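Protein chains in written order, with the working numbering: chain A, -13 to 56; chain B, 80 to 347.
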C-alpha cells in the first residue's frame, strides 16, 4: 500500500488525510458540530458506518446540518 | 372553523392526522424569535427545514435553529431544496432522515433555476425511489394534471402543486388547472408555493384543496406574527366554506328580501 496522503474534498475545501483514513477521520478533521449527516461521492453514509468507511483519493465528502427552509 | 371542528376534520396524510391545514416554512424571518412567535400564533401542522454545509459561523446558526425546532414541538418536514438530479434528491433525503429522525420528505427537484420550476420529467422517478426506500413523500410539483397523476401512480399519497413560482406571492396564477386537478384526483393536495395573501389560501381551501404550505408570505410581511395568524384563520375559513358548500353563482340579480308585501310596490 502506498503511503501517499489522500487528497479529498470536505464541503468543497481540499484536505489531506493519511492513507487508510476513514470517514470518521474526515469528520474529526472538519470539526463539525452535531447534528449533521454525511455523504461520500453523493452516496449517503449512515452515522454508524463512519469508522468503517475507508476513504479513497479524490473522494468528495459532504457534511450537512439543519438550516431554515421553505 | 373552531378548534373543536378541526378535531373532527383533521388533515390525513399517509395515515397520520394533523389538526392544522397550514404548513409553515422557517426561512427568511427577521429573527428566530419572530419565527418562534409566528409558529406559536399559527399552530402549523408541520414546519419545513433543510440541510446545508456548515461554513464559518454556520455551525452556531445551525445549532440555534436545531434548538428552535425542538422548542417548537411541531413535526418537521425536511426538504430537498436545491437538488437538480434524482440522486442528489435521494441522498439529501437520506441525510435528512438521519438528522431529523423522520421519514417525511418534501421532494423538490429543480429543473430551472430562474423560475424554480420542478424537473417534471424526473420527478416521478425520484418519488418512486424514495417511496420504495420508505419515505413519506410530499412532492412539490407544477399544476400539470398528468404529472400529478403519475406521482400518485408511483405511490405518492399526496401531492403539492404550486400556485405560482416559489416566493412570488402572486397567488393561483392558473385557477383552471388547479381546479381541474382537484376535480380529477382524490388524494390529499397541498398548495405549495406562490401564495402571497391569506385570501389566496382561503381561495384554494374553498376549492377543496386540503392544506397550504407557505413561507415567504409570512416571513416577509411587515408583521410576520400577525400574518401567520391571518393565514391560519384564512385556512380555517376556506376549509369551513368548502365543507359548507357554496351557493351557485347566478347571472342575474336575485332579491334576498321577499318581494311579496313590498310597500309602495309598483310594476316596473
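Idealized CB from N, CA, C, for every residue including glycine. Keep in mind that this is a model prediction, so the values were computed, not measured.
Asked                                                                                                                                                         : Found
The beta strand (DSSP E) with residue 215/B in it runs from where to where?                                                                                   : 215 to 220
Report the three-state DSSP secondary structure of residue 256/B (helix, strand or coil).                                                                     : helix
Relative to the alpha-carbon of residue 56/A, which residue among 228/B, 271/B, 149/B and 208/B has its alpha-carbon at the smallest distance?                : 271/B
Using CA coordinates, which residue listed in 3/A, -5/A, -3/A and -4/A is at the minimum distance from residue -11/A?                                         : 3/A
Residues of chain A with CB closer than 8 Å to the CB of residue 127/B, please, in chain order.                                                               : 55 and 56
Reducing DSSP to helix, strand and coil, say where residue 198/B ends up.                                                                                     : coil
Per DSSP, residue 51/A is paired with what?                                                                                                                   : 131/B
Grab me the residues of residue 313/B's own chain with a C-beta within less than 7 Å of its C-beta, minus the 5 sequence neighbours each way, in chain order. : 277, 278, 280 and 281
Mapping DSSP to helix, strand and coil, what is residue 187/B?                                                                                                : coil
Could you give the C-beta distance for residue 274/B and residue 248/B, rounded to a whole number, given that I count them as a contact under 8 Å?            : 7 Å
Counting only the same chain and skipping the five closest in sequence on each side, list residues whose C-beta sits under 6 Å from that of residue 309/B.    : 277
For the putative contact between residue 100/B and residue 289/B, defined by C-beta atoms under 8 Å, what is the C-beta separation to the nearest angstrom?   : 7 Å
Going by alpha carbons, who is nearest to residue 158/B out of 88/B, 131/B and 138/B?                                                                         : 131/B
Distance check for residue 207/B and residue 188/B, CA to CA, integer angstroms please.                                                                       : 13 Å
Have a look at residue 336/B and residue 286/B and give me their C-alpha separation to the nearest angstrom.                                                  : 29 Å
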